[in-house]
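Accompanying notes for the structure given below.
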Amino acid sequence: MASIFTRIVNGEIPCHKVCETDHCLAFLDINPIARGHVLCIPKQEVDYIFDLDDQSLCELHLFAKRVAKGLKKVCPCVKVGQAVIGIDVPHAHVHLVPLTKPADLNFANRVEISQEELSELARQIGAAIE
75 MASIFTRIVN GEIPCHKVCE TDHCLAFLDI NPIARGHVLC IPKQEVDYIF DLDDQSLCEL
135 HLFAKRVAKG LKKVCPCVKV GQAVIGIDVP HAHVHLVPLT KPADLNFANR VEISQEELSE
195 LARQIGAAIE
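Those letters in the sequence shown? Residues 75 to 204, by my numbering.
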């Protein structure tokens, strides 16, 4: 059965898309720990990030770097943090989270954000990506 992320890639489930290439997709987390929390995924469904072939792993991280630079322009922060957890969804993914302090990367925290705010934020971040 396809993961929820594969279903997003296939257009079966909507997302707030930030950026897309032939091999990667970035979208806003619908249950964010901070405003601007983005998920970067390979379009190929692979459960464990370190099972990606070397080229795909490099592409994913270079893609996340581009997205992080755009994210930092839109969401005020000291740095954009990165986390790879890989437990909740069996599809490799990188979390990008705007940080002002280390505690901001606490996945027990969640912020409330409306669908309208998510849509506008996705548009702004996408426009800021070079």
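Idealized CB from N, CA, C, for every residue including glycine.
Could you please give the first and the last residue of the uninterrupted alpha helix (DSSP H) stretch that includes residue 129?
128-148
Do you know offhand how far residue 200's Cα is from residue 75's?
30 Å
From the DSSP secondary-structure annotation, give me the bridge partner or partners of residue 94.
99
Drop a sphere of 10 angstroms on the beta-carbon of residue 103, count the other beta-carbons inside from all chains shown, and report buried for 16 or more, exposed for fewer.
buried
How would you label residue 112, buried or exposed, when you count the other beta carbons within 10 angstroms and need 16 or more for buried?
Residue 112 is classed as buried because its beta carbon has at least 16 other beta carbons within 10 Å across all chains shown.
Give every residue of the same chain whose Cβ lies closer than 7 Å to the Cβ of residue 87, excluding the five residues on either side of it in the sequence, and list them in chain order.
78 and 81
So what does DSSP say about residue 176, is it helix, strand or coil?
Helix at residue 176.
Does DSSP put residue 202 in a helix, in a strand, or in coil?
helix
Residue 118, DSSP secondary structure in three states:
DSSP, read as helix, strand or coil, puts residue 118 in coil.
Distance between residue 139 and residue 153 (C-alpha atoms, nearest Å)
12 Å
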